[in-house]
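In what follows, a structure is listed as structure tokens, so that the remarks can point back to it.
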Amino acid sequence: RAAMSRLLLSGCTLSSDHHYVFPRGRDGIFQALVESARELGLRFHPCRGSMSLGESKGGLPPDSVVEDEDSILADTESMIKRFHDPKAGSMCRVAVAPCSPFSVTPELMRESAALARRHGVRMHTHVAETLDEEKFCLERFGKRPMELMEDLGWTGDDVWYAHGIHLDDAEVDRVAETRTAIAHCPSSNMRLGAGACRVADLLRAGARVGLGVDGSASNEDANIAMEIHEALLLARVSGGPNALDARSAWRLATSGGAECLGRNDCGTLAPGKCADVALFRVDDLAHAGIADSLAGLALAPPARASAVVVNGRVVVRDGRLLTGDEDQIARDIAATSARLAE
């Protein structure tokens, strides 16, 4: 609820959560995600993530957090049948999302792809985020991460990757050619020292690129407006002052994000599209006098949107969340954190 609230407050109307830790005996986690989004009014694409390759079998996750693959597939199918709504204007669509090449087996990747395509839902995973991942794939499979994804059936216009940092020129072209999308997470990538996604090169190649805030372990704020700012600056550090302009950075967060999630009914303001709108003040000290308001908002990111509407429902007004008690949510998070620290 805290992350979703922060997203809404920053102007985000559509989001996905790649949740891949399902401890034994803790049922109801996925349902809680869906219910929280419904309560707060966020248009939501929850991912039924998974990890099956523990340390004892050569993977990176601890054995205590991995699941049996048959159970993963069965529960994933159950969540699709229970929560996925494919209709135009849908507020909830489920994605199939094994965590990464180093935390699941190739067999689970193939079976997950088959399951997703059988039900017509999207597919998501982490790809090319770190050099350690690249080393793991080369040593274990003799292939780079992108090559492995192609062999496992994990490319196409129904697939989006998180990060996509360590791609060579040929792989950039393959991402574009296969219509695979990438969710760029600049704040997380800089914080972890993972590298910089080749956003400008991907866009020039015709690839679909959206914007993500990543999880709270690598980005406490979940401010989509700040992520636009970071994407703009990181692209210029990597590729020079003309690598990415402000309006292109905004497109990553709007139409680019909608493309990642396969939504042609939102992401832009147009007749017949979903009534999802974020409004920002541009008359404050940081933005007053700037001729190009979008450029101003990208270069001086606001802490909060003034108003946010999702599916015609006003969820933020005057910078305050209407669908949840911010102060209580913050207290709940503080109490949970204290319990974990004990």
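Numbered by this note's numbering, the letters in the sequence shown go through residues 6 to 347 in order. C-beta: ideal position from N, C-alpha, C; glycine also.
Short Cβ contact (8 Å threshold) for residue i with residue j
i: Leu192; j: Glu235; result: Note that residue 192 corresponds to Ser in the displayed sequence, not to Leu. Yes, the Cβ-Cβ distance between Ser192 and Glu235 is below 8 Å.
i: Val101; j: His89; result: no
i: Ser15; j: Ala310; result: yes
i: Ala133; j: Gly169; result: yes
i: Leu47; j: Ser20; result: yes
i: Ala248; j: Ile233; result: no
i: Cys97; j: Phe49; result: yes
i: Gly147; j: Ala188; result: no
i: Met84; j: Phe141; result: no
i: Cys5; j: Ile295; result: Here the chain comprises residues numbered 6 to 347, so residue 5 is not present and cannot be evaluated.
Nonlocal neighbours in the same chain, by C-beta distance under 7 Å from residue i, ignoring five residues either side
i: Ala305; result: Ala291, His292
i: Arg115; result: Leu157, Gly158
i: Leu38; result: Asp22, His24, Pro51
i: Thr259; result: Gly272, Thr273
i: Leu239; result: Pro191, Met195, Ala201
i: Leu284; result: Ala310, Ser311, Ala312
DSSP state of residue i mapped onto helix, strand, coil
i: Trp159; result: coil
i: Val99; result: coil
i: Arg195; result: For the sequence presented, residue 195 should be read as Met rather than Arg. Residue state, collapsed to three classes: helix.
i: Arg127; result: strand
i: Leu216; result: strand
i: Ile229; result: helix
i: His234; result: helix
i: Ser108; result: coil
i: Leu274; result: coil
i: Gly301; result: helix
i: Ala121; result: helix
i: Pro28; result: coil
i: Ala308; result: coil
i: Leu290; result: coil
i: Asp323; result: coil
i: Ser21; result: strand
i: Leu172; result: coil
i: Gly63; result: coil
Supposed contact pair residue j and residue i - C-beta distance, whole angstroms, cut 8 Å
i: Gly200; j: His171; result: 6 Å
i: Leu113; j: Ser57; result: 5 Å
i: Arg184; j: Arg209; result: The pair is not a contact, with the Cβ atoms about 16 Å apart (cut-off 8 Å).
i: Glu74; j: Phe27; result: Not a contact, Cβ separation roughly 13 Å.
i: Val109; j: Ser55; result: 6 Å
Cut-off 8 Å between Cβ atoms - residues of its own chain near residue i, not counting five sequence neighbours on either side
i: Leu45; result: Arg6, Met9, Ser10, Leu13, Val320, Leu326, Thr328, Gly329
i: Gly94; result: Asp270, Cys279, Asn316
Nearest neighbour of residue i, chosen from the options [CA to CA]
i: Tyr166; options: Lys62, Asp250, Leu197, Gly262; result: Gly262
i: Val177; options: Asp162, Met151, Ser108, Arg256; result: Met151
i: Ala251; options: Thr341, Gly324, Ala300; result: Ala300
i: Gly267; options: Leu65, Glu74, Lys92; result: Lys92
i: Gly244; options: Ile233, Asp206, Asp219; result: Asp206
i: Glu182; options: Ile85, Phe141, Glu155; result: Glu155
i: Gly64; options: Ser342, Pro246, Ser223, Phe107; result: Phe107
i: Arg87; options: Ala308, His124, Pro66; result: His124
i: Val314; options: Val282, Ala275, Gly324; result: Val282
Residues near residue i in its chain [Cβ-Cβ closer than 6 Å; skip 5 each side]
i: Met231; result: Pro306
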